[in-house]
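Note that the sequence shown covers residues 670 to 1221 in the working numbering. Each residue gets a CB set at the ideal place from its N, CA and C atoms; glycine is no exception. Computed from a predicted model, the values in this text were never measured in an experiment.
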Amino acid sequence: MTIERKWWKEEVIYQIYPRSFNDSNGDGIGDIQGIIEKLDYIKNLGVDIIWLSPIYASPNDDNGYDISDYYAIHPEFGTMEEFDLLLKEIHAHGLRLIMDVVFNHSSDEHEWFEKSRASKDNPYRDYYFWKPGENGGPPNNWRSFFGGSAWEYDSTTDEYFLHLFTKKQPDLNWENPKVREEIYKVVRYWLDKGIDGFRMDVIPLISKRLEFADTPLPAFNDVVEQVYSNGPRVHEFINEMYERVLKEYDIMTVGEGPGISTKTGLDYVGHDRGELNMIFHLDHMFLGHGPRGKFDPVHYDWKDIKKIFTDWYDAMGDSGWISIFLDNHDFPRLVSRFGNDEEYRIESAKLLAMLVLTLRGTACIYQGSELGMSNVKFENIEDYRDVETHNYYKEFTESGTSHAEFLKQVHAHGRDNVRTPIQWNKEKHAGFTSGEPWIRVNPNYTEINAEDVLADEDSIYYFYRDLLSFRKREKTLIYGDWKIIPMASDDLFVYERFDANYKILVILNHSDNTHALDLNVDNYSLCFTNVSSSDKNTLLPWEARLLKSMND
Ligand code: GLC
Ligand code: CA
């Protein structure tokens, strides 16, 4: 079987978290005009598709992932006219735009929910899930992704409603055909504006297991996979959305996939399924999450990461597609998590760029990775903005974890690590805003900022740019097969992408150690390396090489 050619397999995604990208009017919040100002910067990097985290009207309990009007732009980001201009400018730059849509839940301030909660017998009641309590408590033992019960009591009607995320994010009831009609209308509205696709938030959660039975599973990851995700009607619902709307447009869809495993992946993205083009599986992102989640960490290492890449490559074969990424707005900075953000920050950031851009799948780069931005360590819990961090802070400190111990976990795993403002220059607040930023800037902005990397031709930014332009020419990196070349040391990751014409060999030393390299590469020419002088038979710490040869 040969693999199908599609633009969304060849192009590279750049994720913008609008709040933290660029503030144009000094209110401390990144905005649409701020993005427009930076389109040349994005274009010059060489990415193709902009994924915009939510910019809809929202009370911002979860920074826009709690939508109160799917048809309105949040005033702090701008107006609908400004959005239309942004879309026009993106297309004028030869770029595409995909919007983030959140259909598993809405805000509790959405008018559907306000009507729903008003009485038991109103027409909006079953837009959401309402249940009476059990023995004076919630209807079952389900826990929210952000800590505490997944049910909230509402005294107006003396019932509980379901919220898998915060209590300001009630879950929509997709069983109700009226809800689905409303959602398809929203989808069509944005597609008719001419956008190029969607990133669908937590899409495998939309079909609930309606028995709402207590779960005996202790580990949260297992609960997600077996209880919250992959519900009985999930494929019927996604396929209906595809048949009713999506299939009429030349767009791409990527589903965020908590709970989707290599066993269930193709059910969502198989070419013949009529569902999604690709998913962001979260297997490598959830690595290290212990029974109580990310702030209760367990050990993992590169062996686990490599196994995940291998298993997903095998699971997809030529029949389905995934996105390749190492961070986004929900996880730590890739260089801090998978690299060495101190002594080898630059080398390891480049190595990770090479990894993301050479595996099979649509590469996705999170804003600031191209600058080598790293995690932040605020000492005061008040400096954090993320509702997840605050909810778990309360839960963990109340159950005996010390402030210092919890903050250590936040420094490593908190979502605000990637939500501090983009560091544009060395001026006050890193040039992000002329006012007071909504979240503090990472104090390392004097050493890490766009102005400096743009002035240095050896910088991480240009490494990304050159690799991106190479990737555009080399279809072997898109459609080619993949095989791992076994190495004696676990510190090394060596693999080849190949097709009938070419072989592209990638050699990565993802460690602080120097290694001897015994590999015959006589027929290859070296295209990229991230160190200034390297010896053929030695790999320096975090050295990464890319070589190419004819396949004969
Ligand atoms: C997704 C989003 C995350 C959000 C959650 C609830 O995981 O990426 O930012 O908090 O869904 O919408
Ligand atoms: Ca602003």
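Quick one: what does DSSP say residue i is sitting in, helix, strand or coil?
i, result
"residue 1035", "strand"
"residue 950", "strand"
"residue 863", "coil"
"residue 1234", "Because the chain in this structure spans residues 670 to 1221, residue 1234 falls outside the shown range and cannot be described."
"residue 743", "coil"
"residue 1145", "helix"
"residue 963", "coil"
"residue 1184", "strand"
"residue 778", "coil"
"residue 1163", "strand"
"residue 1124", "helix"
"residue 849", "helix"
"residue 738", "strand"
"residue 895", "helix"
"residue 987", "coil"
"residue 1203", "coil"
"residue 640", "Residue 640 falls outside the range modelled here, since the chain spans only 670 to 1221, and no answer is possible."
"residue 1190", "coil"
"residue 1133", "helix"
"residue 1214", "strand"
"residue 828", "strand"
"residue 1055", "coil"
"residue 794", "helix"
"residue 995", "coil"
"residue 726", "strand"
"residue 802", "coil"
"residue 934", "helix"
"residue 1100", "helix"
"residue 1042", "coil"
Enumerate in chain order the residues of its own chain whose CB-to-CB distance from residue i is below 6 Å, with the five nearest sequence positions on each side excluded.
i, result
"residue 989", "935, 938, 939"
"residue 826", "789"
"residue 1130", "1039, 1122"
"residue 889", "962"
"residue 892", "884, 886"
"residue 1177", "1020, 1162, 1213"
"residue 894", "928"
Between which residues of its own chain and residue i is the CB-CB distance below 7 Å, once the five residues before and five after are set aside?
i, result
"residue 904", "936, 944"
"residue 746", "687, 700, 701, 724"
"residue 766", "719, 721, 756, 759, 864, 865"
"residue 717", "680, 681, 764, 765"
"residue 1003", "995, 996, 1021, 1038"
"residue 1200", "1016, 1209, 1212"
"residue 706", "691, 693"
Below 8 Å CB to CB, which residues in the same chain sit around residue i once its five sequence neighbours on both sides are set aside?
i, result
"residue 916", "943"
"residue 1036", "683, 684, 685, 686, 689, 690, 1091"
"residue 646", "Past the edges of the chain, shown from 670 to 1221, lies residue 646, and the structure says nothing about it."
"residue 803", "809"
"residue 791", "784, 785"
"residue 896", "811, 878, 884, 886"
Run the CB neighbour count on residue i, radius 10 Å, all protein chains shown included, and call it buried at 16 or more, exposed below.
i, result
"residue 1142", "exposed"
"residue 1172", "buried"
"residue 1086", "buried"
"residue 1027", "buried"
"residue 1084", "buried"
"residue 1115", "exposed"
"residue 968", "exposed"
"residue 1189", "exposed"
"residue 1048", "exposed"
"residue 838", "buried"
"residue 1217", "buried"
"residue 777", "buried"
"residue 731", "buried"
"residue 922", "buried"
"residue 1254", "In the structure displayed, the chain extends from 670 to 1221; residue 1254 sits before or after that span and is not available."
Would the C-beta of residue i count as close to ligand 3, meaning under 8 Å from any of its heavy atoms?
i, result
"residue 814", "In terms of ligand content, the structure shown lacks ligand 3 and carries ligand 1 and ligand 2 instead."
Q) Quick one: any contact between the stretch 1092-1109 and the stretch 685-698, if contact means 3 or more CB pairs under 8 Å? A) yes
Q | Below 5 Å from a heavy atom of ligand 2 - residues by beta-carbon | A | 692, 694, 696, 698, 700
Q. Which residues have their C-beta within less than 5 Å of a heavy atom of ligand 1, listed in chain order?
A. 731, 734, 834, 870, 871, 999
**Q.** Three-pair Cβ contact test at 8 Å for the stretch 1163-1170 versus the stretch 1145-1154
**A.** yes
Q.
For the stretch 1059-1071 against the stretch 944-954, do three or more pairs of beta-carbon atoms, one drawn from each stretch, fall closer than 8 Å, so that the two count as touching?
A. no
Q.
Assess contact between the stretch 767-775 and the stretch 865-875, defined as three or more Cβ pairs (one per stretch) separated by less than 8 Å. Is contact present?
A. yes
Q) Is there contact here, the stretch 831-851 with the stretch 733-752, by at least three beta-carbon pairs under 8 Å? A) yes
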